[in-house]
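So the structure is just underneath, and the comments pick up after that.
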Amino acid sequence: MISIETVATIKYTDQKPGTSGLRKKASHFKQPHYLENFVQSIFDHIKIKTSSENTSIVVGGDGRYYNREAIQIILKIAVANNVGNIMVGKSGILSTPAASNIIRKYNLTGGIILSASHNPGGVNGDFGIKFNTENGGPAPLSVTDDIFTRCREIETYKTALCDYINIDELSESKILNTNIKIFDPVIDYALLMQNLFDFDIIKAMFSNGNFQFIFDGMNAVTGPYAKKIFEEMLGAPKGSVINAIPLEDFGGAHPDPNLKHAKEISKIMFSENPYNLAGASDGDGDRNMILGPNIFVTPSDSLAIITSCSDLAPGYRGRLKGVARSMPTSCAPDIVAEKLGINSFETPTGWKFFGNLLDAGMVTFCGEESFGTSSDHIREKDGVWAVLFWLNILASTKKSVPEIVMEHWQKYGRNYYSRHDYEEIESDKANALVDNLRLKLFDLKGKDFMGLKVENADDFQYTDPIDNSVTTRQGIRIIFTDKSRIIMRLSGTGTKGATLRLYLEKYETNQDKLNLPTQDALSDLIALAEQIAEIKKYTGMDKPTTIT
Ligand code: VG1
Ligand code: CO
């Protein structure tokens, strides 16, 4: 006989869930009752704030250390809280975009995704948990605030005293009132992709044997998805997907798809014999990096190009509505939108801010400079989707990545773009830097820095066009009359100290200046950012820790 136990919890006054859920060291999550406290708060939120009588959720994660244990804990709490139906990705595997799809496809109440995204995993690495709502998207601030409040209020949680629940075989079972279904995490997602893209034309491109492609799963969650879709369904040669098995510690690597961490594919693509296309995704499968022969496509350009090429993919043909980008993302997509006569939107950082626009059918594509691109097919960013879009573009146009990008710049101008991260700064110092900047904003307006004239300087504030909710303090923007921008904000996803992100953008239409090295093109702005923000003085760092 299975019984339910009510366990006393200590109140946790941890930080609020950040840009993308709650993220901490795995060891922090393993403290007694820590995860339990958060999970019970999610179920309380669902019970009290949603009208759903028969709660149904999906659970899965990126396979990192503590994923399996966390799933057992969540299942037992779910059973004790009378959740009606739970779907669990086999072996606990479920990418963020696939989870979003499952919630939408099966009309679930929500989903719990276990991941710290691109942060390193393993015993000494990070762990994370995020709750997605019934539209398949990350919980909006009102929901995460409610969950956080409950975390600090509840004194007990309920859990079922039952044996280990096998999640490694496809199965359907029932414990007390809860149906538990262990499902294949790849199939539904693969079918969705097949409906959006021209698989026949991509297949034909692979079968002629001249197209070389490589995808780096980074030992994280996308491996199984990429193997199925690229190799099995589209016929890319076996071995095209590397680092394809999700490992608990990501093989000791950092599952962040950028030039620094996706080393193998970067080396190939910037060699004398590069492949035609390389892609990579992050820990939980929502980020993407696109590389062509000797070219890195910035995520901002990728969003702009996808928007301008939307008719090439069957799932988007003739139905482009609008495009949205996060504030620090370059303005390249806006320029395309203007030329195409569609709406463009600027939102705060974090995918949750796209949810209302997507639900209202106001935008088709969304993206962030942080290697996130996606569309209205789900409510999350989607790594494999972005790579498929590029495969579709290349197969349809028969052009190379550099040709596509160059033609885009020639037509729309180039938004030179780079992000400089200053990581692990002491929080006090980082806050002091931003506070100091805020004080300076008023005086900056109209100021001329050797020809660079400040048109506007503010702390970004967003009013959601659908629910009118206002989100303040989303990043310092210094916008110049020539459309250049310097943006600074503190990260909301780190687990150690603070990270200052400095975003630099310069718009160039001079056809002779479209091919400069990025950091050179931005050098004036880089110097100016230092002059205005006094980064060195505040942080003691004379250069960024990461440049993307
Ligand atoms: C970062 C990115 C942001 C992204 C977030 C979650 O947040 O800048 O664009 O939405 O990570 O991405 P921050 O607050 O550290 O700048 V992921 O792949 O964790 O879902
Ligand atoms: Co991610």
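Count along the sequence shown starting at 1, add 1, and that's the number in the numbering used here.
A virtual CB, placed ideally from N, CA and C, is assigned to each residue, including glycine.
Worksheet item: If you measure from the CB of residue 371, is any heavy atom of ligand 2 nearer than 6 Å?
Response: For residue 371, the shortest separation between its Cβ and any heavy atom of ligand 2 does not lie below 6 Å.
Worksheet item: Nearest-angstrom Cα distance between residue 23 and residue 58?
Response: Near 18 Å, if we compare the C-alpha coordinates of residue 58 and residue 23.
Item to complete: Determine contact between the segment 220 to 231 and the segment 251 to 258, defined as no fewer than three beta-carbon pairs at a distance below 8 Å.
Response: The segment 220 to 231 vs the segment 251 to 258: in contact.
Item to complete: Have a look at residue 123 and residue 448 and give me their C-alpha separation to the nearest angstrom.
Response: Residue 123 and residue 448: Cα-Cα distance of roughly 49 Å.
Worksheet item: Based on the DSSP secondary-structure assignment, which residues constitute the bridge partners of residue 547?
Response: For residue 547, DSSP records a beta bridge to 422.
Worksheet item: Should residue 416 go down as buried or exposed, given a rule of 16 or more other Cβ atoms within 10 Å for buried?
Response: Under this definition residue 416 is a buried residue.
Practice prompt. Give me the Cβ distance between residue 214 and residue 237, rounded to the nearest whole Å; I'm assuming they're in contact under 8 Å.
Written response: Distance from residue 214 to residue 237 at the Cβ level is roughly 5 Å; contact confirmed, criterion being Cβ atoms closer than 8 Å.
Practice prompt. Return the CA-CA distance between residue 346 and residue 358, expressed in angstroms with no decimal places.
Written response: Distance between residue 346 and residue 358, taken at the CA atoms: about 9 Å.
Fill in: Rounded Cβ spacing between residue 224 and residue 258 (contact assumed at less than 8 Å)
Not a contact, Cβ separation roughly 13 Å.
Discussion item. I'd like the span of the alpha helix (DSSP H) that includes residue 537, first residue to last.
Written reply: Run containing residue 537: 536 to 540, per the alpha helix (DSSP H) assignment.
Fill in: Same chain, Cβ closer than 8 Å to residue 551, neighbours up to 5 away in sequence not counted
One cannot answer for residue 551 here, as it falls past the ends of the chain, which runs 2 to 549.
Worksheet item: If you run the structure through DSSP and keep just helix, strand and coil, what is residue 164?
Response: DSSP places residue 164 in the coil class of the three-state scheme, outside both helix and strand.
Item to complete: Please report the residue range of the beta strand (DSSP E) in which residue 376 lies.
Response: Start and end: 373 to 376.
Fill in: residue 288 Cβ short of 6 Å to ligand 2 heavy atom set
Result yes, Cβ under 6 Å from ligand 2.
Discussion item. Tell me which residue opens and which closes the beta strand (DSSP E) that residue 348 is part of.
Written reply: Annotation: the continuous beta strand (DSSP E) that includes residue 348 extends over 344 to 348.
Worksheet item: Is there contact between the segment 385 to 404 and the segment 481 to 497, where contact requires at least three CB pairs shorter than 8 Å?
Response: They do not touch, by the three-pair rule.
Worksheet item: Between the C-alpha atoms of residue 385 and residue 97, what's the straight-line distance to the nearest angstrom?
Response: Whole-angstrom Cα-Cα distance: 11 Å.
Worksheet entry | Proximity test, residue 174 beta-carbon vs ligand 2 heavy atom, cut-off 6 Å | No, Cβ of residue 174 sits at least 6 Å from all heavy atoms of ligand 2.
Discussion item. Taking the alpha-carbon of residue 119 as reference, which of 372, 343, 73 and 100 has the nearest alpha-carbon?
Written reply: Looking at the Cα atoms, 372 is the closest of the given residues.
Fill in: CB contact flag (residue 216, residue 293, <7 Å)
Not a contact, by the Cβ cut-off of 7 Å.
Worksheet item: How many angstroms separate the CA atom of residue 477 from the CA atom of residue 327?
Response: Here the C-alpha atom of residue 477 lies approximately 13 Å from the C-alpha atom of residue 327.
Discussion item. Can you tell me whether residue 169 sits near ligand 2, meaning its C-beta is under 6 Å from at least one heavy atom of the ligand?
Written reply: At a cut-off of 6 Å, the beta-carbon of residue 169 does not count as near ligand 2: no heavy atom of the ligand is closer than that.
Discussion item. Need the endpoints of the alpha helix (DSSP H) that residue 367 sits in, please.
Written reply: DSSP places residue 367 outside any alpha helix (DSSP H); the residue lies instead in the beta strand (DSSP E), whose first and last residues are 366 to 369.
Worksheet item: Under the criterion of a Cβ to heavy atom distance below 6 Å, does residue 285 qualify as lining ligand 4?
Response: Absence of ligand 4 from the depicted structure is noted, with ligand 1 and ligand 2 being the only ligands included.
Worksheet item: In chain order, which continuous runs of the beta strand (DSSP E) of length 3 or greater are located wholly inside the segment 116 to 179?
Response: You should have 127 to 133, 157 to 162 and 172 to 176.
Discussion item. With a threshold of 8 Å on Cβ separation, who are the neighbours of residue 427 within its own chain once the five nearest residues in sequence on each side are excluded?
Written reply: Listed in chain order, the non-local C-beta contacts of residue 427 below 8 Å within the same chain comprise 498 and 499, local neighbours out to five positions each way being set aside.
Practice prompt. Give me the Cα-Cα distance between residue 538 and residue 330, rounded to the nearest whole angstrom.
Written response: Looking at the two C-alpha atoms, the distance is approximately 27 Å.
Item to complete: Taking 7 Å as the cut-off, decide whether the C-beta atoms of residue 480 and residue 456 are in contact.
Response: In this structure, residue 456 lies closer than 7 Å to residue 480 by Cβ.
Discussion item. For residue 8 and residue 75, I'd like the C-alpha separation in whole angstroms.
Written reply: Note on geometry: alpha-carbon atoms of residue 8 and residue 75 lie some 14 Å from one another.
Discussion item. Suppose the cutoff is 7 Å on Cβ atoms and the five residues either side in sequence are ignored; what does the same chain contact list for residue 185 look like?
Written reply: Correct list, in chain order: 91 and 171.
Item to complete: Sort 365, 332 and 361 by Cα distance to residue 323 and report the nearest one.
Response: Minimum Cα distance to residue 323 is reached at 365.
Discussion item. Let's test the definition: count the other Cβ atoms within 10 Å of the Cβ of residue 41 and tell me whether it reaches 16, buried, or not, exposed.
Written reply: Residue 41 is classed as buried because its beta carbon has at least 16 other beta carbons within 10 Å across all chains shown.
Discussion item. Using a Cβ-Cβ cutoff of less than 8 Å, which residues in the same chain neighbour residue 540 once the five nearest sequence positions on both sides are dropped?
Written reply: Excluding residues within five positions, the ones whose Cβ falls inside 8 Å are 423, 426, 430, 431, 434 and 501.
Worksheet item: Can you tell me the Cα-Cα spacing of residue 146 and residue 492, whole angstroms?
Response: In this structure, the straight-line span from the alpha carbon of residue 146 to that of residue 492 is close to 18 Å.
Worksheet item: Looking at the unbroken alpha helix (DSSP H) that takes in residue 339, where does it start and where does it end?
Response: Per DSSP, residue 339 belongs to the alpha helix (DSSP H) from 333 to 341.
Worksheet item: What is the rounded straight-line gap between the Cα of residue 227 and the Cα of residue 10?
Response: One C-alpha to the other measures close to 41 Å.
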